[in-house]
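Undergrad: Let me begin by handing over the structure; questions about it come next.
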Amino acid sequence: MSVEDRFEAAVYIVQNLPKEGPVKTSNDRRLNFYSLYKQATIGKVNTEQPSFFHFVERSKWDAWNALGDMPREEAKEKYVEALQSMFDEVAKTVDVLKWLTDSNKDPELPKKFALFMKT
Numbered sequence: 001m002s003v004e005d006r007f008e009a010a011v012y013i014v015q016n017l018p019k020e021g022p023v024k025t026s027n028d029r030r031l032n033f034y035s036l037y038k039q040a041t042i043g044k045v046n047t048e049q050p051s052f053f054h055f056v057e058r059s060k061w062d063a064w065n066a067l068g069d070m071p072r073e074e075a076k077e078k079y080v081e082a083l084q085s086m087f088d089e090v091a092k093t094v095d096v097l098k099w100l101t102d103s104n105k106d107p108e109l110p111k112k113f114a115l116f117m118k119t
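Note that full-length UniProt numbering has the sequence shown beginning at 1, numbered continuously upward.
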């Protein structure tokens, strides 16, 4: 499976994970996914830095800007690696695919997870 295919599956998974359950994404992890996604899809930051008073937007911008000139392909690989790392942690205590299949109303999520896990 290509990096592009795994990246697309990973993005779908991150954007559609159930709010409840064993897979929790911290703010730092979400910020990392956000910045890598922007770098992978747009490239180097292309907007002005938000005001200090817009804390959330500023944090997102700062995280994206910190990636500098990272190539898009590398950002996709790092996004996939970040999700893989998150699932490796969770898999120590939970069968993630079973959880996604049993507890989710989104039938695409287990399919995307199965695709994502193929190397």
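Even glycine gets a Cβ: it sits at the ideal position worked out from N, Cα and C.
Predicted model only: the values in this text are computed from it and were never measured.
What residues in its chain sit with their C-beta under 7 Å from that of V90, if we drop five residues either side in the sequence?
TA: P22, V23 and V96
Undergrad: Rounded to a whole number of angstroms, what is the C-alpha to C-alpha distance between P110 and P71?
TA: 30 Å
Undergrad: Helix, strand or coil: which one does DSSP assign to D88?
TA: helix
Undergrad: Give every residue of the same chain whose Cβ lies closer than 7 Å to the Cβ of R106, excluding the five residues on either side of it in the sequence, and list them in chain order.
TA: Before going further, note that residue 106 is Asp rather than Arg in the sequence given. So the qualifying residues of the chain are N16.
Undergrad: What separation, rounded to the nearest whole angstrom, lies between the Cα atoms of E20 and I13?
TA: 14 Å
Undergrad: Which stretch, first to last residue, makes up the alpha helix (DSSP H) that contains L17?
TA: Unbroken run through L17: none, as it is neither H nor E.
Undergrad: Are Y34 and K60 closer than 8 Å when you measure CB to CB?
TA: yes
Undergrad: On the premise that A9 lies in contact with F116, defined as a C-beta separation below 8 Å, what is that separation, rounded to the nearest angstrom?
TA: 4 Å
Undergrad: For the candidate residues T47, V56, E74 and E57, whose alpha-carbon lies nearest to that of V3?
TA: E74
Undergrad: Compare the C-alpha of A66 against each of H54, R30 and V45 and name the closest.
TA: V45
Undergrad: Between which two residues does the alpha helix (DSSP H) holding A40 run?
TA: N27 to T41
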